[in-house]
Amino acid sequence: MSSAKIAISIDLNLLERIDSLVREKIFPNRSKAIQQAVKEKIETLDKRRLALECAKLDPGFEQA
Numbered sequence: 011m012s013s014a015k016i017a018i019s020i021d022l023n024l025l026e027r028i029d030s031l032v033r034e035k036i037f038p039n040r041s042k043a044i045q046q047a048v049k050e051k052i053e054t055l056d057k058r059r060l061a062l063e064c065a066k067l068d069p070g071f072e073q074a
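Below, the structure written as structure tokens:
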């Protein structure tokens, strides 16, 4: 998987928490921690969007 380097601004308290996770070896570095967080958030949004679309379906119509 290719990656791109970007610059972001982040709340200092959040950065301190990320750094503590890196020190605890939960993540190898800041970049991996942020990548994982963004990936999980996008997956959650995608699942929520799918669930909302499925909720719009009419079960009776779909069975027919």
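So for the sequence shown, my numbering puts the first residue at 11; every next one is plus one.
Think of the CB as a built atom: it goes at the ideal place given N, C-alpha and C, for glycine as much as any other residue.
Q.
In whole angstroms, give me the CA-to-CA distance for Leu55 and Lys66.
A. On the sequence shown, position 45 is the one that residue 55 refers to. On the sequence shown, position 56 is the one that residue 66 refers to. Between Leu55 and Lys66, the C-alpha separation is close to 17 Å.
CB contact flag (Ile28, Ala43, <8 Å): Taking the first residue of the sequence shown as position 1, residue 28 is located at position 18. Taking the first residue of the sequence shown as position 1, residue 43 is located at position 33. Contact flag set, yes.
*asked:* Tell me the rounded alpha-carbon separation between Lys57 and Lys51.
replied: Here residue 57 is taken as the residue at index 47 of the sequence shown, counted from 1. Here residue 51 is taken as the residue at index 41 of the sequence shown, counted from 1. If I take the Cα positions, the gap works out to 10 Å.
*Does DSSP classify Glu26 as helix, strand or coil?*
Residue 26 sits at position 16 when you count from the first residue of the sequence shown. For Glu26, the secondary structure class from DSSP, reduced to helix, strand or coil, is helix.
Can you tell me the Cα-Cα spacing of Pro69 and Leu60, whole angstroms? As a working note, residue 69 is residue 59 in the sequence shown. As a working note, residue 60 is residue 50 in the sequence shown. If you take the alpha carbons of Pro69 and Leu60, they lie about 16 Å apart.
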